[in-house]
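A.B. asks:
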Amino acid sequence: MSRAALLVLADGRFPAGGHAHSGGAEAAVGAGRITDAESLEAFCRGRLHTAGLVSAALAAAAVLGVPPRELDAAADARTPSPALRLAARKLGRQLTRAARATWPSAELDALAREFPKGAHQPVVLGLAARAAGLEAVDAAYCAVYESVSGPASATVRLLSLDPFDATAVLARLAPELDRVADQAVEAARNVADEGTDALPAASAPLLEIAAELHAAWPVRLFAS
Amino acid sequence: MHLDHHHNGPAAVSADAHRKDGSHRALRIGLGGPVGSGKTATVAALCRALRDELSLAVVTNDIYTREDAEFLLREAVLPPERITAVETGACPHTAIRDDISANLEAVEDLEDEVGPLDLILVESGGDNLTATFSKGLVDAQIFVIDVAGGDDIPRKGGPGVTTADLLIVNKTDLAPYVGSDLARMAADAKAQRAELPVVLQSLRSETGVADTAAWVRSQLAAWTAA
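Below you can see the structure in the form of structure tokens.
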């Protein structure tokens, strides 16, 4: 494996559609829950320990060889909001395209055939990491980082927040990213014996509810 | 782009000129340019001019709304299933150049759902003078500027003005009212673009979109013959 492949996959410029999504930040800004760097940090921390943890465990499990069909069903079960399911599948489809062009693999081809409209993004992320020769922990790191870097960069655009402040938020969260990534991999390793019920189901009800409201906004900058 | 040619899975289509069954896919033409220069109006006029002779569809890339798609729907230039809006996270230039995945899905879904298509127009939301389309997304691109945006734009150049396959200088009917020198704009454009074509256009005149439509037809003829 090449460890540098992790940098390619985790790069915010990896062309897989993430730029059009705010990870719930636009809805939170609209509701007055994110107003500055401090509240952005609280939002990111909440997202990391809920959606971030779940995504990371799904991605790690995909790297470990759990069948995508089972993981996709597990992701659906952990995503009550139809708007978030749709966003996750759209992003999964875009990542499938980008990953197939970047790291051609029979597994990704099979995934594209099985899910022509996209599987949940974390599942695809895991298979992309696998195709890139990366390990479960690498995919988990990608997922936890995405869970906070998306809202941070969106908030820079939404609030004209100082970009240095937003980046410092990410740096302060780094030790927690380490812990959540490890936790996710541990859960993913249990899937072999216990099935996908071993995956975390940490839920953030406000993210789910706000995503439904956001999807109905007539004017918005981000798709989710 | 196509590292996966040796695989048997469904093609990760982008610049590939053929459909899965081997037939020619639709020609894809991008339209970009500054805010308010008349891109959507040009797309609407092209749809009216070409819809009886060609099977066509439109993808819009709005900045923060579905305004452009809704204008086209309201004007009923095409049936609604032939118009798709891509959301760009406030950055049309990213969606048409740096990360084209959402646009590629939109064009492929249109081909699957209402195809076969001859032509897909991909419109960018108004952006800056450097916004150009990726060659992985479109086969040719049109850059639309207008006389009211300042007659020094052709002289200033930039990738849109200098490299687009067609430059439209739009709203020529307004030139006398905004003090723009059309002859100078045409001469500057010529100097920036060498042999690449320039169309001076007023959608309110009798000729309307005719010159642009003729250019699109010539592109399509070359595409089909290739």
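Chains A and B, in that order, are what the protein sequence lines are. In this text, residue positions in the first sequence follow numbering that gives the first Met the number 0: the first is 0, and each later residue adds one. In this text, residue positions in the second sequence follow numbering that gives the first Met the number 0: the first is 0, and each later residue adds one. Ideal placement from N, C-alpha and C gives every residue a C-beta, glycine not left out.
(1) Just how far apart, CA to CA, sit S159 (chain A) and A165 (chain A)?
(2) Which residues in chain A sit within 7 angstroms of L45 (chain B), going by Cβ to Cβ distance?
(3) Please name the residue or residues paired with T83 (chain B) in a DSSP beta bridge.
(4) Taking buried to mean at least 16 other C-beta atoms within 10 Å of its own C-beta, is G11 (chain A) buried or exposed?
(5) Give a yes or no on whether the C-beta atoms belonging to A73 (chain A) and L198 (chain A) are separated by under 8 angstroms.
(6) Between L55 (chain B) and P115 (chain B), what straight-line distance do the alpha-carbon atoms span, to the nearest angstrom?
(7) How would you write the range of the beta strand (DSSP E) that A139 (chain B) sits in, first residue to last?
(8) Suppose the cutoff is 6 angstroms on Cβ atoms and the five residues either side in sequence are ignored; what does the same chain contact list for R84 (chain A) look like?
(9) Which residue wins for smallest C-alpha separation from R68 (chain A), given the options A:W102, A:H119, A:A186?
(10) Is T129 (chain B) close to chain A, meaning its C-beta is less than 8 angstroms from at least one C-beta of that chain?
(11) Select from the region 164–195 of chain B all residues with a C-beta closer than 8 angstroms to any C-beta belonging to chain A, and list them in chain order.
(12) Between B:A43, B:H17, B:T59, which lies nearest to G124 (chain B) when the distance is taken from Cα to Cα?
(13) How far does the beta strand (DSSP E) with N169 (chain B) in it reach, from first residue to last?
(14) In chain A, which residues lie with their C-beta within 9 angstroms of the C-beta of D97 (chain B)?
(15) How would you list, in chain order, the residues of chain B whose beta-carbon sits under 8 angstroms from the beta-carbon of F221 (chain A)?
(16) Specify, as a first and last residue, the run of the alpha helix (DSSP H) that R84 (chain A) falls within.
(17) For L181 (chain B) versus V137 (chain B), is the C-beta distance shorter than 8 angstroms?
(18) Where does C27 (chain B) fall in DSSP's three states?
(19) Short of 6 angstroms in beta carbon distance, which residues of its chain neighbour A97 (chain A), apart from the five on each side in sequence? Order them along the chain.
(20) Could you spell out the range, first to last residue, of the alpha helix (DSSP H) harbouring S204 (chain B)?
(21) Flag this pair as touching only if the region 93–103 of chain B and the region 66–77 of chain B have three or more C-beta atom pairs under 8 angstroms; answer yes or no.
(22) Just reading off the beta strand (DSSP E) that S123 (chain B) is part of, what are its end residues?
(23) Would you mind reading off the limits of the alpha helix (DSSP H) that contains V34 (chain B)?
(24) Express the C-alpha separation of G64 (chain A) and R24 (chain B) in angstroms, rounding to a whole number.
(25) Thinking L49 (chain B) and L118 (chain B) are a contact (beta carbons under 8 angstroms), I'd like their distance in whole angstroms, please.
(26) Taking 8 angstroms as the threshold, find out whether the region 152–171 of chain B comes into contact with the region 183–195 of chain B through three or more Cβ pairs.
(27) From the DSSP output, in three-state form, read off L126 (chain A) for me.
(28) Going along chain A, which residues have a C-beta under 9 angstroms from L68 (chain B)?
(29) Three-state secondary structure (DSSP) at V76 (chain B)?
(30) Looking only at its chain, what residues have a beta carbon closer than 7 angstroms to the beta carbon of H17 (chain B), apart from the 5 residues adjacent to it on each side?
(31) Count the other CB atoms within 10 Å of the CB of N7 (chain B); is the residue buried (16 or more) or exposed (fewer)?
(32) Leaving out five residues before and five after D108 (chain A) in sequence, what residues of the same chain have Cβ atoms less than 8 angstroms from its Cβ?
(33) For a quick check, are the C-beta atoms of Q200 (chain B) and D164 (chain B) less than 8 angstroms apart?
(34) Compare the C-beta of Q120 (chain A) against all C-beta atoms of chain B and say whether one is closer than 8 angstroms.
C.D. replies: If we stick to the structure as given:
(1) The residue given as residue 159 (chain A) occupies position 160 in the first sequence. The residue given as residue 165 (chain A) occupies position 166 in the first sequence. Going by the C-alpha atoms only, they are around 10 angstroms apart.
(2) As a working note, residue 45 (chain B) is residue 46 in the second sequence. Under the 7 angstroms cutoff, chain A gives no residues; its nearest Cβ is about 26 angstroms from L45 (chain B).
(3) Translated into the one-based positions of the second sequence, residue 83 (chain B) becomes position 84. Residue pairing for T83 (chain B): DSSP places it in a beta bridge opposite B:V58.
(4) To locate residue 11 (chain A), count along the first sequence from 1; it is residue 12. Exposed, by the Cβ-count rule.
(5) Within the first sequence, numbered from 1, the residue matching residue 73 (chain A) stands at position 74. Within the first sequence, numbered from 1, the residue matching residue 198 (chain A) stands at position 199. Yes, they are a contact pair.
(6) Against the second sequence, residue 55 (chain B) aligns to sequence position 56. Against the second sequence, residue 115 (chain B) aligns to sequence position 116. Each residue's alpha carbon lies about 9 angstroms from the other.
(7) Within the second sequence, numbered from 1, the residue matching residue 139 (chain B) stands at position 140. It spans 139–145 - the beta strand (DSSP E) in which A139 (chain B) sits, taken as one unbroken run.
(8) Position 85 of the first sequence holds residue 84 (chain A). Within the same chain, R84 (chain A) has close Cβ partners T78.
(9) As a first step, residue 68 (chain A) must be located in the first sequence, where it is residue number 69. The option with the nearest alpha carbon to R68 (chain A) is A:H119.
(10) Along the second sequence, one-based indexing puts residue 129 (chain B) at 130. So no, T129 (chain B) is outside the interface.
(11) none
(12) One-based indexing of the second sequence puts residue 124 (chain B) at position 125. G124 (chain B) has its Cα closest to that of B:T59, out of B:A43, B:H17, B:T59.
(13) Indexing the second sequence from 1 puts residue 169 (chain B) at position 170. Start and end: 165–169.
(14) Locating residue 97 (chain B) in the second sequence gives position 98, where the first residue counts as 1. Result: R12, P14, H18.
(15) For the purposes of this step, residue 221 (chain A) is taken as residue 222 along the first sequence, with counting starting at 1. Those are E86, G88, A89, listed as they occur along chain B.
(16) In the first sequence, counting from the first residue as 1, residue 84 (chain A) sits at position 85. Counting along the chain, the alpha helix (DSSP H) containing R84 (chain A) begins and ends at 81–101.
(17) Taking the first residue of the second sequence as 1, we reach residue 181 (chain B) at position 182. Taking the first residue of the second sequence as 1, we reach residue 137 (chain B) at position 138. No, Cβ-Cβ distance for L181 (chain B) and V137 (chain B) is not below 8 angstroms.
(18) Within the second sequence, numbered from 1, the residue matching residue 27 (chain B) stands at position 28. Reading off the sequence shown, one finds Arg at residue 27 (chain B), where the question assumed Cys. Reduced to three states, the DSSP call for R27 (chain B) is strand.
(19) If you number the first sequence from 1, residue 97 (chain A) lands on position 98. So the qualifying residues of the chain are P14, A15.
(20) On the second sequence, position 205 is the one that residue 204 (chain B) refers to. DSSP places S204 (chain B) outside any alpha helix (DSSP H), giving it a letter other than H or E.
(21) no
(22) Within the second sequence, numbered from 1, the residue matching residue 123 (chain B) stands at position 124. 118–123 is the extent of the beta strand (DSSP E) around S123 (chain B).
(23) Locating residue 34 (chain B) in the second sequence gives position 35, where the first residue counts as 1. For V34 (chain B), there is no enclosing alpha helix (DSSP H), as DSSP gives it neither H nor E.
(24) Walking along the second sequence from the start, residue 24 (chain B) turns up at place 25. Walking along the first sequence from the start, residue 64 (chain A) turns up at place 65. C-alpha separation (whole angstroms): 36 angstroms.
(25) As a working mapping, residue 49 (chain B) is identified with position 50 in the second sequence. As a working mapping, residue 118 (chain B) is identified with position 119 in the second sequence. Their Cβ separation, rounded to whole angstroms, is 7 angstroms, which keeps L49 (chain B) and L118 (chain B) in contact under 8 angstroms.
(26) Taking a contact to require three or more Cβ pairs closer than 8 angstroms, the region 152–171 of chain B and the region 183–195 of chain B qualify as touching.
(27) The residue you call residue 126 (chain A) lines up with position 127 of the first sequence. The answer is helix: DSSP assigns L126 (chain A) an H, G or I state.
(28) Residue mapping note: residue 68 (chain B) aligns to position 69 of the second sequence, counting from 1. Reading off the sequence, residue 68 (chain B) comes out as Ala, not Leu. Those within 9 angstroms of A68 (chain B) in chain A number zero; the least Cβ separation is about 13 angstroms.
(29) Numbered from its first residue, the second sequence carries residue 76 (chain B) at position 77. In the structure shown, V76 (chain B) sits in coil (DSSP, three-state: anything other than H, G, I, E or B).
(30) On the second sequence, residue 17 (chain B) is found 18 positions in, with the first residue counted as 1. The residues are H23, R24.
(31) The count along the second sequence starts at 1 and reaches residue 7 (chain B) at position 8. Low per-residue confidence applies at N7 (chain B): pLDDT is 41, beneath 50, and the placement is therefore not dependable enough to give any value.
(32) On the first sequence, position 109 is the one that residue 108 (chain A) refers to. The residues are R99.
(33) On the second sequence, residue 200 (chain B) is found 201 positions in, with the first residue counted as 1. On the second sequence, residue 164 (chain B) is found 165 positions in, with the first residue counted as 1. Their beta carbons are not under 8 angstroms apart, which means Q200 (chain B) does not touch D164 (chain B) by this criterion.
(34) Sequence index remark: in the first sequence, residue 120 (chain A) carries index 121 (1-based). No, its Cβ sits nowhere closer than 8 angstroms to a Cβ of chain B.
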